[in-house]
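Residue numbers (the working numbering), protein chains in the order written: chain A, 28 to 203; chain B, 821 to 946. Every residue gets a Cβ at the ideal spot worked out from N, C-alpha and C, and that includes glycine. Since the structure comes first, as structure tokens, the remarks are kept for the end.
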């Protein structure tokens, strides 16, 4: 594949998945500033390795590969900063940013409770839920992004939802 | 997998539906999309431009401002290193400031190469 074709395909990939990578980054790091940095670095890293990724993908979608890059960069970011890999999302600001007024009137408290519950999950469970519900990825895509088998991913998501149910059913835990 | 709330939690809740609403996709800021577009579009050209600028300034007087390790380090970082894109991005981000301070095109070229060397050293020092 020549350079011009490669660049064109990368541009298409980037435009198709900018929102996915940004959404993942935002829910992963909890604030817009770090999410922007993470998104930018993800695409720069992806650009460097795009040719090889295309060659090795066998025509499979590259979204899991992009999310895996973001996942690794986020892990490095927090390892460098030597702190817990999560900044609590500012519920009020977040809900105002991504939801319509109608949504908020209907269930602002409930959504905030769910969001707080997601923040309390272990990293791998939280990430699986972000990929499933924020990005709409299926089990196979999530498995590729997380480097797990399809079966292990299915179990992971099931357990994440069960744990979240328990968290939101216990008000003092959910709002911690 | 909906409606499995704890026994004393009241009516069952549509947890998956609520998760979809709580974790709604987030639009990236417009300036991020524009910035990334610009960076990715100019990435390859910029590398060539920076290296070309180095050649130009080196011919003029290499001893005056480029130390003996600057070029190999910059070339390694730009050509193959893990921080290549970062060096390019950071140098690219400061081009306006360099242009404003430069007295002529050659001076601008020198300042650009210095910036590449500085960013490379900073990266290697990490």
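Reduced DSSP secondary structure (H/G/I, E/B, other) of residue i
i	result
residue 91 (chain A)	helix
residue 175 (chain A)	coil
residue 158 (chain A)	helix
residue 844 (chain B)	coil
residue 893 (chain B)	Because the pLDDT at residue 893 (chain B) is just 41, under 50, the model does not fix this residue reliably, and the value given afterwards should be weighed accordingly. Helix at residue 893 (chain B).
residue 28 (chain A)	coil
residue 136 (chain A)	helix
residue 58 (chain A)	coil
residue 197 (chain A)	coil
residue 833 (chain B)	coil
residue 231 (chain A)	Residue 231 (chain A) is absent from the model: chain A starts at 28 and stops at 203.
residue 838 (chain B)	helix
residue 165 (chain A)	coil
residue 857 (chain B)	helix
residue 851 (chain B)	helix
residue 85 (chain A)	coil
residue 112 (chain A)	Only weak support is given to the placement of residue 112 (chain A): the predicted model assigns it a pLDDT of 46, under 50, and the question is left unresolved by the model.
Min CB distance residue i to chain B below 8 angstroms
i	result
residue 49 (chain A)	yes
residue 45 (chain A)	yes
residue 94 (chain A)	no
residue 63 (chain A)	yes
residue 54 (chain A)	yes
residue 31 (chain A)	no
residue 137 (chain A)	yes
residue 105 (chain A)	no
residue 156 (chain A)	yes
residue 89 (chain A)	no
residue 142 (chain A)	yes
residue 60 (chain A)	no
Below-8 angstroms beta-carbon distance, residue i vs any chain A residue
i	result
residue 853 (chain B)	yes
residue 849 (chain B)	yes
residue 921 (chain B)	no
Within chain D, the residues that residue i reaches when beta carbons sit closer than 8 angstroms
i	result
residue 161 (chain A)	Judged by its chain identifiers, the structure shown contains no chain D, and its protein chains are A and B.
Pair within 8 angstroms by beta-carbon distance, residue i and residue j
i	j	result
residue 52 (chain A)	residue 43 (chain A)	no
residue 157 (chain A)	residue 55 (chain A)	yes
residue 153 (chain A)	residue 186 (chain A)	no
residue 191 (chain A)	residue 148 (chain A)	yes
residue 838 (chain B)	residue 169 (chain A)	no
residue 60 (chain A)	residue 849 (chain B)	no
residue 172 (chain A)	residue 91 (chain A)	yes
residue 188 (chain A)	residue 835 (chain B)	yes
residue 213 (chain A)	residue 100 (chain A)	No statement about residue 213 (chain A) is possible, as the shown extent of chain A runs from 28 to 203 and does not include it.
residue 856 (chain B)	residue 38 (chain A)	no
residue 46 (chain A)	residue 845 (chain B)	yes
residue 70 (chain A)	residue 105 (chain A)	no
residue 144 (chain A)	residue 182 (chain A)	no
Contact test: residue i Cβ vs the ligand PLP heavy atom, cutoff 7 angstroms
i	result
residue 193 (chain A)	With respect to the ligand PLP, the structure shown offers nothing to examine, as it has no ligands at all.
### Message
Residues of the stretch 170-198 of chain A in Cβ contact with chain B at a cutoff of 8 angstroms, in chain order, please.
### Response
Hits within the stretch, in order: 185, 188, 189, 191, 192, 193, 195, 196 and 197.
### Task
Please confirm if the stretch 161-181 of chain A is in contact with the stretch 61-70 of chain A, defined as three or more CB-CB distances below 8 angstroms between the two stretches.
no
### Task
With 9 angstroms as the C-beta to C-beta threshold (strictly closer), list the residues of the stretch 67-78 of chain A near chain B in chain order.
67, 68, 70, 71, 72, 74 and 75
### Message
Across the stretch 168-181 of chain A and the stretch 73-81 of chain A, are there enough close Cβ pairs to call them in contact, namely three or more that are closer than 8 angstroms?
### Response
no
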